[in-house]
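Structure record follows, encoded as structure tokens.
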Amino acid sequence: MIKKTEFGYKIEGEKGFLNIIFYDNNIVRFAYSNDGEIPVSTPAIAVEPKDIECSQEGNIIKTKSLIIEIDKKNLQVSIFNKNGELLNRDISVDLEKCEIEKEIIWEKGFYGLGEKYGWLNKKGTETSNWNTDVMGIFPVHNATIKNYHTSIPFYIGLSKKLCYGIYFDNSFRTYFDLGKTKDNVLKFGADGGYLDYYFIYDDKVSEVVKAYTYLTGRMPLPRKDFLGYQQCRWSYENREELMEIAKRMRAENIPCDVLYLDIDYMKDYKVFTVDSDKFYEFKDMVSKLKGMGFKLVVIIDPGVKVEDGYWVYEQGKENDFYIKDKNGEVYIGEVWPGKAVFPDFLREKVRKWWGELHLRLIGDGVEGFWNDMNEPADFTTESKVVPEDTVHFNDQGEEKSHAEIHNLYGMLEAIATYEGVKRIKPNVRPFILTRAAFAGTQRYAALWTGDNTSIWEHLEASMPMFMNLGLSGYSFIGADVGGFIGDGNGELLTRWTQLGAFTPLFRNHSVKGSINQEPWCFGEEVLENTRKFIKIRYNFITYLYNLMRESSINGHPAIRPLFYHYQDDEETYNINDQFLFGENILICPITRPYTRVRMVYLPKGIWYDYWTLERFEGGRYIIKEAPIDSMPIFIKAGAIIPTDNVMQYIGEKEQEITINCYLGQDGEYTLYLDDGISFDYEKGKYTEIKFIMKDSEKEVSITSEVIKDGYKIPKMKLKILGLDENSKVIMNGEELKLDNENTIDIDKLNIDIKIIK
Ligand code: GLC
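Position one of the sequence shown corresponds to residue 1 (UniProt numbering), numbered consecutively onward.
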């Protein structure tokens with residue numbers, strides 16, 4: 001029997017029920033249960049089902065873009081696009097095991113699954129999701145480890161013509177076999193809960209990501225200054241040390257916006273306290289830092305020290321806010337403060353309380369919060385996380401096993417923190433950095449990839465991880481620059497800073513006991529070369545900010561695999577060591593020691609060498625020199641890219657933007673401007689200027705138009721790149737004499753430039 005329901009259909013099979021529920025024409029949920037009830041979604045799901053046009057005849061259901069054929073007896077489905085091309089077919093559905101097998105038909109690659117080591121293309125591999133403090137168990141992150149700090153049960157199947165995504169909405173431990181055991185069989189399942197997944201179809205991968213982030217939500221627009229360089233260490237131990245770092249940054253002329261305090265700023269690792277001996281007159285210190293242009297972020301771990309009289313512990317105990325053991329007693333584990341208890345963030349009351357606890361630190365001037373150990377880590381267990389048999393209670397008072405909530409814990413903490421901080425300062429965009437996450441956590445926090453090691457292998461491994469995180473909905477991401485565990489060296493830091501300059505979160509961090517890793521720690525040459533790239537980062541701040549805006553609106557990540565824009569070129573499916581930073585900038589880092597040259601794959605089209613403006617025809621590999629002070633970067637002809645004047649920190653000086661027009665192709669770019677910090681943009685206080693470049697055989701025209709005028713426009717210039725010496729440049733009817741740099745002042749923004757070739 002197939003019955004119409006409010007947003008889809010319900011099918012009764014031999015062993016249970018399948019609910020098909022539409023979230024859009026191309027987003028279909030397949031929710032299985034024994035009793036026909038629709039399972040409760042995890043917090044990953046950010047939208048409601050939609051009433052879309054659909055029809056059913058016999059065992060065929062149709063929407064505008066999909067045809068679903070149902071095997072009623074076994075509750076298996078085959079999904080076709082409207083041209084009748086087979087997209088996906090079930091081999092078996094096992095409700096009892098909560099497991100499904102699907103045929104691998106045309107997929108050339110599988111991608112996504114968030115933060116995982118290994119290569120970009122996950123076809124032929126298997127993995128699982130159980131948020132883990134990896135360093136608690138393994139000495140070094142590597143590709144044989146399956147469980148990392150985050151669980152994002154989402155993958156994409158890709159080919160030239162077809163693409164889809166499958167999001168498995170299950171927070172228990174989930175596992176995926178992407179053609180490892182049998183090369184034409186894909187299997188996924190969970191240790192508990194329901195078989196409840198969403199199939200997202202579009203023939204373009206970028207549209208699949210857009211739809212996936214429609215379903216699970218998009219990152220909020222971040223503060224612009226948090227896109228600046230960030231310096232961290234476990235730990236800057238006292239006020240003097242931190243102030244010294246701040247002064248040195250300025251003295252060495254290294255742009256830097258954010259400094260961090262790791263766990264040692266607290267009194268006995270008690271969260272929401274400050275050790276006032278080491279960090280005396282804390283408020284005064286934070287305000288001095290602010291005066292120098294630094295924002296301060298402090299770490300907050302979820303483990304609350306068990307100590308009579310400690311107000312946080314006592315408040316939580318009094319209100320029964322902690323996770324319980326199986327006997328109903330408060331569960332006591334162990335983290336940095338020794339014996340610790342863990343807030344049960346599943347309940348709104350607990351989240352509100354936690355949020356309010358940030359009041360004091362915010363009052364002291366702290367501007368960001370770093371949520372760590374939120375898998376949640378626990379030193380007392382073999383798994384080094386809070387045990388599965390502990391229990392939570394939801395808002396309805398129902399008991400939930402930790403096995404179900406574990407993977408959500410970091411996200412629930414991020415919700416508590418984001419919402420709490422926003423309630424305290426409603427018109428400032430919160431900055432939250434998290435280690436543990438679930439699908440959808442991008443709505444609340446930026447993410448870093450945990451405890452990497454200062455080895456070249458981890459620099460290299462970060463790229464496929466970033467690209468897969470991007471495909472999994474995360475754009476505001478980064479890794480510890482220089483590597484966290486162990487001692488780095490100058491060359492490694494130089495190369496890592498080069499790559500880091502093009503990751504949205506750009507933070508240098510290192511472990512306690514390791515040698516210092518700030519840019520000046522390895523001599524003059526390293527200082528010069530790292531400073532150079534930190535400055536380049538500041539050149540690209542507005543560009544990156546605009547990418548973040550794009551991520552917040554349509555989910556496109558800043559870091560993209562090449563196939564994001566060149567899906568019809570299969571060569572791009574396995575390129576691990578290059579990425580697109582937005583659509584038109586190709587970043588090709590050096591990730592090996594003593595290496596001064598590398599192969600670069602240029603996708604089809606014309607590419608400019610960023611440094612020399614030499615033009616290359618793409619669709620091939622080229623060999624590129626990469627001296628230690630440089631890294632191959634290419635810009636696509638037709639690109640229009642804003643660059644900024646460099647500052648020591650965002651807001652230090654009046655902003656000046658140069659609009660760089662790379663000739664040789666048509667191009668378009670919308671520049672977005674706002675105050676970079678408040679939510680006023682939601683009330684229309686922003687400006688958008690659209691630039692259009694049309695490149696024909698005889699002439700190029702560049703025009704601009706202010707399409708929204710809600711925020712002040714800075715001083716702007718336009719720069720023409722790739723200009724032939726003999727070309728004439730005419731602006732608003734008059735021929736221009738260009739300076740050496742080929743820049744033009746464009747105070748009047750409705751420009752009309754013609755370049756006669
Ligand atoms: C964890 C974090 C690391 C931090 C350390 C001390 O290992 O991943 O970044 O420095 O704890 O708080």
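Every residue gets a Cβ at the ideal spot worked out from N, C-alpha and C, and that includes glycine.
This structure is a prediction, so every number in the text was calculated from the model and none was measured.
Contact under 8 Å by Cβ, residue i with residue j
i	j	result
E404	F345	no
I2	I70	yes
Q442	M135	no
I575	W607	no
Y148	E115	yes
N121	Y573	yes
L562	P603	yes
M716	I702	no
N238	K278	yes
T503	G483	no
V297	F369	yes
P343	V306	no
V286	G365	yes
G333	A416	no
Q578	Y601	yes
T150	A558	no
L215	I27	yes
T542	I657	yes
residue 765	Y538	A question about residue 765 goes unanswered here, because the residues of the chain that appear run from 1 up to 757.
Y197	F168	yes
Classification of residue i by the beta-carbon crowding that lies within 10 angstroms, buried from 16 upward
i	result
V47	exposed
M548	buried
Q396	exposed
V597	exposed
L738	exposed
P426	exposed
D133	buried
A251	exposed
S55	exposed
M599	exposed
Y280	exposed
Between the CA atoms of residue j and residue i - distance to the nearest angstrom
i	j	result
L75	A190	18 Å
N645	P255	12 Å
H458	D487	13 Å
Y672	I641	12 Å
R173	E375	13 Å
V385	L749	56 Å
T380	S171	23 Å
L580	E668	17 Å
T530	T494	5 Å
T144	F138	11 Å
E735	I659	20 Å
K182	G124	8 Å
L87	F80	5 Å
T390	I323	7 Å
E571	G605	15 Å
V258	S276	21 Å
P39	N394	16 Å
S128	L261	32 Å
S696	L721	16 Å
Member of the options whose CA lies at the smallest distance from the CA of residue i
i	options	result
K712	T687, L736, G733 and M693	T687
R223	S552, G667, P337 and P39	S552
V700	Y662, K708 and P519	Y662
R592	M731, I424, I455 and L113	I455
Y117	K161, W234, L738 and F466	F466
V335	K317, I263, F282 and E398	I263
C98	I52, R29 and S33	S33
D51	H509, Y9, E583 and I677	Y9
E399	P39, D90, G328 and T434	G328
D674	I323, Q665 and Q655	Q655
S445	P464, F476, M463 and L471	The question names Ser, yet the displayed sequence has Ala at residue 445. Among P464, F476, M463 and L471, the Cα nearest to that of A445 belongs to F476.
I68	I11, V40 and K108	I11
S159	W611, D629, K719 and Q567	Q567
R435	K535, Y175, M463 and G478	G478
N407	G420, H392 and V421	H392
* So which residues touch the region around ligand 1, with touch meaning a C-beta under 5 Å from any heavy atom? -> W234, D262, I263, D372 and D451
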